[in-house]
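Residue numbers (my numbering): 442 to 531.
For reference, the structure discussed in these notes is given below.
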């Protein structure tokens, strides 16, 4: 299996290709063929739910979500765990 970017005509909602149906290679196809193969080419509701289940927010200072690579350093050379925004004193 190879990972490739689809042709720029594929799944367009703007421009001259809007409203037409193309396969990922850019070949014009019928709406029926597109609908029949759409789940092969585009994420399904199940795919989106799976990705959403992986992505949990992490808001603790110095912590990183498991789905985000930690940066080598913070903004302006500050440490990764630097508290950029401090809560107001209560």
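C-beta: ideal position from N, C-alpha, C; glycine also.
*asked:* Three Cβ pairs or more, each shorter than 8 Å: is that satisfied between the stretch 464 to 479 and the stretch 444 to 451?
replied: yes
- Flag this pair as yes or no: are the beta carbons of residue 524 and residue 498 separated by less than 8 Å? no
Measure the CB-CB distance between residue 505 and residue 511 and report whether it falls below 8 Å. yes
- Task: Over the uninterrupted alpha helix (DSSP H) stretch that includes residue 449, give me the two end residues.
- Result: No alpha helix (DSSP H) holds residue 449; DSSP gives it neither H nor E.
Check your understanding: Does the beta-carbon of residue 491 have 16 or more other beta-carbons within 10 angstroms, so that it is buried, or is it exposed?
Key -> exposed
- From residue 456 to residue 530, what distance separates their C-alpha atoms? 52 Å
| In chain order, which alpha helix (DSSP H) runs of at least 4 residues are fully inside the stretch 480 to 522? | List check, alpha helix (DSSP H) in window: 486 to 495.
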